[in-house]
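So the sequences go chain by chain: A and B. Residue numbers are given in the UniProt record's numbering: position 59 of the first sequence equals residue 59, and the series is strictly consecutive. Residue numbers are given in the UniProt record's numbering: position 131 of the second sequence equals residue 131, and the series is strictly consecutive. Ideal Cβ positions, reconstructed from N, Cα and C, are used throughout, including at glycine. Following: one structure in structure tokens, then a few remarks.
There are 2 protein chains.
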Amino acid sequence: MARPRGVERRAEILRATIEVIAERGYRGTTLGAVAERVGLTQQGLLHYFPTKEALLLAVMDERDQWDTGGGSRGADGWRLELLTSMVDYNAMRPGIVQTFSALLGESVTEGHPAGEFFTRRYVQVRGNMAGVLRDEFGDRLPSGLTPEQTAPLLVAVMDGLQYQWLLAPESVDMPEAFRAFVTLLRGGAEGPER
Amino acid sequence: MARPRGVERRAEILRATIEVIAERGYRGTTLGAVAERVGLTQQGLLHYFPTKEALLLAVMDERDQWDTGGGSRGADGWRLELLTSMVDYNAMRPGIVQTFSALLGESVTEGHPAGEFFTRRYVQVRGNMAGVLRDEFGDRLPSGLTPEQTAPLLVAVMDGLQYQWLLAPESVDMPEAFRAFVTLLRGGAEGPER
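Dropping the structure here:
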């Protein structure tokens, strides 16, 4: 009986955290603000998530689960077109993208708990992306590159564009830039010209 | 007389900081460690750089100056091939790349001094990259994209690959991945097939 209630509470805390992130951004998302939102004392919240980092990484993990449909591709995969929609969606939730990007920055510093999370995440995400590319193009892209060679580039473009967009949303159109990258992957809009 | 000495001292501090970064990484690079290396008291160092962030951003700025040959392209530009060499070089200086990546992460958080630096930097870097691409490909890449459409992608790939590489240097070959991206820009190794 205690178990399901704990699981439910945990999910409730994650939902509340996402709301707080959307409203207050990365720095404004304190354990105190989340505890208040969910009707717990800060001590009570610490029972579920011992640190702000642990809470935010759980939110990132949860988001990955949604975005990838339970952590694995469905029977018919999730196509390149769906990635484009995901980037469109991300452009409407700057708080989450900011939180992801800030944590990614911290993850490369010595001994940060986000390091292990992102290291594991990228192994999985590169694998997922290689699967998307194979479903779309087969064993070779129009460029001659393999899905495995291209997957890290696809991930890098998504992550890298987020920084440029967060810093200057009015001059970097993230969804349009990502579409340009997809054009590049396809070998050109109407096939290569020049 | 005081001016040149100050300028010289400042350059000396930046060089010392780069050494400390290489040896101790981002977190280990404290104002105390830099002051000691350069033979100043911490108070003396604060005269030149009031915070660790200010010092590290000055190092990043100095690095950009070197990498771009004084902040502008030379008469014959700096070609795509030179960018590849820069990525090779970066793969040999993980401390600097880690510092850059950590600061970039902080830059997207509210009110961080790195925000203004990176916002300005990316306007310039995207402009430089568009210039590189125009020198190499003219007004259209083989994909049909313009240099201006492609420049943010080029920057994003460089930044994004750095995170993947810092987290798992043994499984992400950053220079090789960047070469794959250049292949993509060129429309394929022997021209597009398939």
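Of all the CB atoms in chain A, is at least one closer than 7 Å to the CB of residue i?
{"i": "G95 (chain B)", "result": "no"}
{"i": "A102 (chain B)", "result": "yes"}
{"i": "G188 (chain B)", "result": "yes"}
{"i": "Q98 (chain B)", "result": "yes"}
{"i": "Q65 (chain B)", "result": "no"}
{"i": "A130 (chain B)", "result": "no"}
{"i": "T119 (chain B)", "result": "yes"}
{"i": "A11 (chain B)", "result": "no"}
{"i": "S72 (chain B)", "result": "Bear in mind that a pLDDT of 45 at S72 (chain B), under 50, signals an unreliable position, so the number given afterwards is only what the model happens to contain. No, S72 (chain B) lies away from the interface with chain A (no Cβ there is under 7 Å from its Cβ)."}
Report yes or no: is there a C-beta of chain B within less than 7 Å of the C-beta of residue i?
{"i": "S143 (chain A)", "result": "yes"}
{"i": "R5 (chain A)", "result": "no"}
{"i": "L167 (chain A)", "result": "yes"}
{"i": "residue 206 (chain A)", "result": "Lying before the first or after the last residue shown, residue 206 (chain A) is absent from chain A, which here runs from 1 to 194."}
{"i": "G127 (chain A)", "result": "no"}
{"i": "T84 (chain A)", "result": "no"}
{"i": "P175 (chain A)", "result": "no"}
{"i": "L56 (chain A)", "result": "no"}
{"i": "L80 (chain A)", "result": "no"}
{"i": "L184 (chain A)", "result": "yes"}
{"i": "Q164 (chain A)", "result": "yes"}
{"i": "R179 (chain A)", "result": "no"}
{"i": "V59 (chain A)", "result": "no"}
{"i": "T51 (chain A)", "result": "no"}
So, helix, strand or coil for residue i, using DSSP?
{"i": "F49 (chain B)", "result": "coil"}
{"i": "T30 (chain B)", "result": "coil"}
{"i": "G39 (chain B)", "result": "coil"}
{"i": "T68 (chain B)", "result": "coil"}
{"i": "R79 (chain A)", "result": "coil"}
{"i": "D61 (chain B)", "result": "helix"}
{"i": "V172 (chain B)", "result": "coil"}
Does any CB atom of chain D fall closer than 7 Å to the CB of residue i?
{"i": "D159 (chain A)", "result": "Protein chains A and B are contained in the structure displayed, whereas chain D is not."}
Problem set entry | 3 or more residues per run - each beta strand (DSSP E) lying fully within the stretch 88–170 of chain B | Within the stretch 88–170 of chain B, no complete beta strand (DSSP E) run reaches 3 residues.
Exercise. When Cβ atoms are compared, which residues of the stretch 17–48 of chain B fall closer than 8 Å to chain A?
Worked result: Of all residues in the stretch 17–48 of chain B, those with a C-beta nearer than 8 Å to a C-beta of chain A are G25, Y26, R27 and G28, reading in chain order.
Exercise. The stretch 102–116 of chain B: which residues have C-beta closer than 7 Å to a C-beta of chain A, in chain order?
Worked result: Residues A102, L104, G105, E106, S107, V108, T109, E110 and G115.
Problem set entry | Residues, ordered as in the chain, of the stretch 144–155 of chain B that lie near chain A by beta-carbon distance below 8 Å | Of all residues in the stretch 144–155 of chain B, only G144, L145, Q149, T150, P152, L153 and V155 place a beta-carbon less than 8 Å from a beta-carbon of chain A.
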